[in-house]
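Residue numbers (the numbering used here): 294 to 465.
If you want it as structure tokens, here you go:
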């Protein structure tokens, strides 16, 4: 699972799923879209035709995602992220485990690390869950949750284009 967030309209944490046997091919498929002079794909910086192409490529590569939306009862974005990440980990453990790769962000990684340590202890799931933070310029698969989060948060045509990639939306 590859994790990114959007705070455009509320708080949205996107967990994009790529099956282990598809990781190499999916990574190649996304890397092919990185243009000359680009270090990574980032939807905010792409043209509309490229945004359409990126979403279509993710669909062609069979990427899917679960969206975790934190409501206004969580007072801060820190509390929203915390609630979404906790629900994500509980869901992952219940379905058998996974490897999480979260996009690195200054000031966020340490809190995530502490929360994930506490969650894996409490849920006794060290053997079912591994995690790391990585920059999107090193892990091309982080473009998937970025694109889905951007499109879903943008709404309208973009949400319709992202909808085939979304398997569920979980209110937290």
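Backbone N, C-alpha and C define an ideal beta-carbon position, used for all residues, glycine too. All of these numbers come straight from a predicted model, not from anything done at the bench.
Item, Value
"Segments assigned alpha helix (DSSP H), at least 4 residues, entirely inside the segment 308-382", "316-324 and 341-353"
"With 16 other Cβ atoms within 10 Å as the buried cut-off, status of residue 382", "buried"
"Among 436, 448 and 459, the one whose alpha carbon lies nearest that of residue 343", "436"
"The segment 379-396 in contact with the segment 420-428 per 3-pair CB rule at 8 Å", "yes"
"Any 3 or more C-beta pairs closer than 8 Å across the segment 405-422 and the segment 310-328", "no"
"The segment 436-453 contacting the segment 343-355, beta-carbon criterion three pairs below 8 Å", "yes"
"Which of helix, strand or coil DSSP assigns to residue 301", "coil"
"DSSP beta-bridge partners of residue 424", "393"
"Residue from 302, 295 and 303 with nearest C-alpha to residue 310", "295"
"N- and C-terminal bounds of the beta strand (DSSP E) containing residue 461", "459-464"
"For residue 412, the first and last residue of its enclosing alpha helix (DSSP H)", "402-416"
"Residue 439 versus 360, 463 and 313, residue with shortest Cα-Cα distance", "360"
"Option nearest residue 375 by Cα separation, candidates 410, 353, 388 and 358", "410"
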